[in-house]
Amino acid sequence: MKTLTHKLTMTTALVSTLLLGAATAHAQPQAEVLHYWTSGGEAKAVQALKEDFEANGGKWIDAPVAGGGGDAQAAVLRSRVLSGNPPAAVQIKGPNIHEWAATGALGDLTAVGEAEGWDNVLPPLLQDIVKYDGKYVAVPVNIHRVDWIWANPEVLAKVDAEPPRTWDEFNAIADKLMAAGITPLAHGGQPWQDATIFETVALGLGGAEFFNKAFVEKDPETLKSDTMKKVFDQMRKMRGYVDADFPGRDWNLATGMVMRGEAAMQIMGDWAKGEFVAAGKKPGVDFLCIPTPSNGGYILNSDSFAMFKVTSADDNAGQELLARLILGEKFQETFNLYKGSIPARMGVNSDKFDECAVKSMIDLQASSEGGELVGSVAHEIAAAGAIRGAVLDVVTEHFNSDMTSEAAVERLAEAIELAE
Amino acid sequence: MTNSMTEKSLPAKRPLADWLRWNVAKLVVAPTFALIIFFVYGFIAWTGYVSFTKSKMLPTYSFDGIYQYVRLWKMSTWHVAMENLLVFGGLFILIAIVLGCLLAVALDQRVRAEGLLRTVYLYPMAISFIITGTAWKWILNPGLGLEKMFHSWGWESFSFDWLINSDMAIYTLVIAAVWQSSGFVMALFLAALRGVDSEIIKAAYLDGASLSRIYLVIILPTLRPVFLSSFFILAHMAVKSFDLVVALTGGGPGNSSIMPANFMYEMTFRRNQIGLGAASAMMMLATVMAIVIPYLYSELRERKHG
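Going line by line, the protein sequences match chains V and P. Read in order, the letters of the first sequence are residues 1 to 420 in our numbering. Read in order, the letters of the second sequence are residues 1001 to 1306 in our numbering.
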């Protein structure tokens, strides 16, 4: 014990002497980063951020919480905030940022944002997410596109299928595949995966205006409209295109089915690309990435770091540095190459990205300008936890039973009303 | 002489020693008692209070009436969860007790290798529900387990798709839970069977009663306390079952096999609805109370009679 204390004092003394030069003039930037990126490409991506931060003189305090897609982290965060000791930067996304900002727990990054010109490089939809009351409270790290069809070209060639441009064309291809004895759609029956298909269909059949009116404004008339009934009709068709063993299957197993040619297509966000690439497959040759039919729409999912209110000068300096680095072009490129997503800021050099990512970048720009860009419901961008949960409940119940579309829209409107 | 000496020196010490002797048990129990009061009953009270607030992401403390309960009972998912609890709890308790009892009676026939068999049946209890759930998920998955096995053996028409059928998924939970717990019930019954007075059985034999009659009319009725305790142990396992659902069905297909504990977790920790989660937790507590209070009542009354 004595030696330990001694050692500690010695180290502290040593470190402080070393830092004295810098510390007298500037605060030593430091940031405790609470995140749940603990595996594979995600862990590598975080490592890249850490190295960048340290190279710029920051002190990175890593606080990873594994498991549950962020559920475990949320519990840690809640207790840290309640005990008055929040971490500096926390990986939270979508409307959760606004919920935390409403409690007054988040800091203010507007000064950094103005200096770096974030208003000019971030898509407006993304700005809405990371701003609260006109102030930047979080920084986006990446953009994932949700509305992708991942297809096996060899299987599609068996029925001479062209990439579908409308849902009717999609159904025609799927019927041909069925007739040829091939499973058209690889799918995992988990609520969030059901909802992923649902939102691509909703955007495709209704367009961005309908999508936002239903899920962002939660307008009961839109939720019960004929268009929504058509969306559920299409979902009923989709149910017929999946194989019998789909319930409970993980998304990456479904990706494997497309890879091995057991199924023709999967509708999933671009994290599925990582599975193909990891198996040594080439985009455009061994697998195709086709946007789901939607007339130039784009469903966006984005991870971000929210900056909590901290008091010490060191922590504040750390937050500013971290925020600047995260949205810097260099980090945006490295990180997103690891993660398989695309940069959160527009105009980053696309040379190193593969053709799916490049297509995603081009489509993002176009849809953002054309007003066809929407936030994902299934991945908690357009709707907060409770609303998203209500949509998931109804969609998955409809998908797994013989509920009519009429009953489904009534249930949807009711569940969303109850969730608020 | 020595006697009077000790008598003179002791009286001062004696009250303390006596007090200690009488109270040492209470002193030993006091810390645990205080911890239980705080961490169990204190938090039950806290949850109860939070269920009457509009708490969402963070707990708030302004009283808001029974709003959360009204909301809870309007949610169709909650109704599904409660119905599932009824189906699962009823079948699980019934089958586990019947099966456990039959196994115990069978083992009670002085069979060979009884020790080995007893261990075989009891061992599932040593496994956590997560493992049980995962193993049964593989066994029951049509593309992977039983169905595939029979198909590859040439029985092509064999079909067992309960796991992926929303109407039947809840029964797969019953299968796994019964597999896990009936051995434990068997052990309880076996111990009690061994305690039955053999003189009575011999007397019944002499009177010409058949074996089945001896069991049905003489032995099983004396086991009433064992029936009761297995019922209560299994009932509380049913109400709090959470991990089995997570591992085996994930609440699916389409929320069809969700249980109240899963609902509570989902609302509190995933959807930032702490108030609603607290209300559902209180409803679970009420379910347990509805079982435990009549039991306590009957027990206490019996003791008075005895």
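Beta carbons: idealized from backbone N, C-alpha and C, even for Gly.
Starting from the Cα of residue 86 of chain V, find the closest Cα among V:230, V:100, V:389 and V:120 and give me that residue. Residue 86 of chain V has its Cα closest to that of V:100, out of V:230, V:100, V:389 and V:120.
Taking Cβ-Cβ distances below 9 Å as the criterion, which residues of the region 1251 to 1271 of chain P are in contact with chain V? 1251, 1252, 1253, 1254, 1255, 1256, 1265, 1266, 1267, 1269, 1270 and 1271
What residues match up with residue 149 of chain V in a beta bridge as DSSP calls it? By DSSP's assignment, residue 149 of chain V forms a beta bridge with V:267 and V:290.
For my contact list, residue 172 of chain V and residue 185 of chain V are in at a C-beta cut-off of 8 Å; report their separation, rounded to the angstrom. So it is not a contact: roughly 14 Å between Cβ atoms.
Would you kindly work out how many angstroms separate the C-alpha atoms of residue 1037 of chain P and residue 197 of chain V, rounded to a whole number? 49 Å
Mapping DSSP to helix, strand and coil, what is residue 109 of chain V? Looking at residue 109 of chain V - three-state DSSP - the assignment turns out to be coil, as it is neither helix nor strand.
Evaluate the contact criterion for the region 1177 to 1188 of chain P versus the region 1119 to 1130 of chain P: three or more CB pairs, one atom per stretch, below 8 Å. yes
Does chain P have any CB closer than 8 Å to the CB of residue 202 of chain V? With 8 Å as the cut-off, residue 202 of chain V does not count as an interface residue toward chain P.
Which residue's Cα is closest to the Cα of residue 1171 of chain P: P:1257, P:1023 and P:1196? Comparing Cα-Cα distances from residue 1171 of chain P to each of P:1257, P:1023 and P:1196, the minimum goes to P:1257.
Straight-line CA distance for residue 119 of chain V to residue 127 of chain V? The alpha-carbon atoms of residue 119 of chain V and residue 127 of chain V are separated by roughly 7 Å.
Could you tell me which residues DSSP puts in a beta bridge with residue 136 of chain V? DSSP output for residue 136 of chain V lists V:131 as bridge partner(s).
Thinking C-beta only, is residue 144 of chain V closer than 8 Å to residue 270 of chain V? yes
Could you give the first and the last residue of the continuous alpha helix (DSSP H) run that contains residue 332 of chain V? 329 to 339
Which one of V:210, V:404 and V:141 has the shortest CA to CA distance from residue 42 of chain V? V:141
Run through DSSP, which three-state label would residue 91 of chain V get? strand
Residues of chain P with CB under 9 Å from residue 82 of chain V, in chain order? 1058 and 1059
Could you have a look at residue 285 of chain V and say whether DSSP puts it in helix, strand or coil? It is coil, neither helix nor strand.
Just list the residues that DSSP pairs residue 1081 of chain P with in beta bridges. The partner list for residue 1081 of chain P (beta bridge, DSSP) is empty, contrary to what the question assumes.
Would you decide whether residue 93 of chain V is buried or exposed? Buried here means 16 or more other CB atoms lie within 10 Å of its CB. With 16 or more other Cβ atoms within 10 Å, it is buried.
Can you grab the Cα-Cα spacing for the pair residue 1276 of chain P / residue 1106 of chain P, in whole Å? 48 Å
Starting from residue 1166 of chain P, find everything on chain V with Cβ-Cβ shorter than 7 Å and list it in chain order. 400 and 401
Return the residue from the list V:88, V:97, V:135 and V:82 that minimises the CA-CA distance to residue 108 of chain V. Restricting attention to V:88, V:97, V:135 and V:82, the CA atom closest to the CA of residue 108 of chain V is found in V:135.
Where residue 190 of chain V meets chain P, residues with beta-carbon distance less than 9 Å: 1250 and 1252
Beta-carbon separation of residue 195 of chain V and residue 374 of chain V under 8 Å? no
Listed by chain order, chain V residues near residue 1026 of chain P by CB distance under 9 Å: In chain order: nothing, as chain V lies at least about 34 Å away.
Between the CA atoms of residue 1267 of chain P and residue 1045 of chain P - distance to the nearest angstrom: The C-alpha of residue 1267 of chain P is placed about 19 Å away from the C-alpha of residue 1045 of chain P.
Residue 1023 of chain P: first and last residue of the uninterrupted alpha helix (DSSP H) it sits in: 1014 to 1036
Do we get a CB-CB distance below 8 Å when we pair residue 262 of chain V with the residues of chain P? Chain P, which has no Cβ nearer than 8 Å to the Cβ of residue 262 of chain V, makes this no.
Identify every residue that forms a DSSP beta bridge with residue 374 of chain V. V:299
Give me, in chain order, the residues of the same chain whose beta-carbon lies closer than 8 Å to that of residue 1144 of chain P; leave out the 5 immediate sequence neighbours on both sides. 1138
Excluding the 5 residues preceding and the 5 following residue 1109 of chain P in the sequence, name in chain order all residues of the same chain whose CB lies nearer than 7 Å to its CB. none
Between residue 63 of chain V and residue 1160 of chain P, what straight-line distance do the alpha-carbon atoms span, to the nearest angstrom? Roughly 45 Å separates the two Cα atoms.
Residues of the region 1127 to 1160 of chain P whose Cβ lies closer than 9 Å to any Cβ of chain V, in chain order: 1137, 1141, 1142, 1143 and 1144
Smallest Cα separation from residue 1230 of chain P: which of P:1152, P:1292, P:1018 and P:1065? Taking only the C-alpha atoms, the option nearest residue 1230 of chain P is P:1292.
List, in order along the chain, the chain V residues whose C-beta lies closer than 7 Å to that of residue 1054 of chain P? Correct list: empty, because the minimum Cβ distance to chain V is about 11 Å.
Beta carbons nearer than 8 Å to chain V: which residues of the region 1061 to 1076 of chain P have them? Residues of the region 1061 to 1076 of chain P with a C-beta less than 8 Å from any C-beta of chain V: 1071, 1074, 1075 and 1076, listed in chain order.
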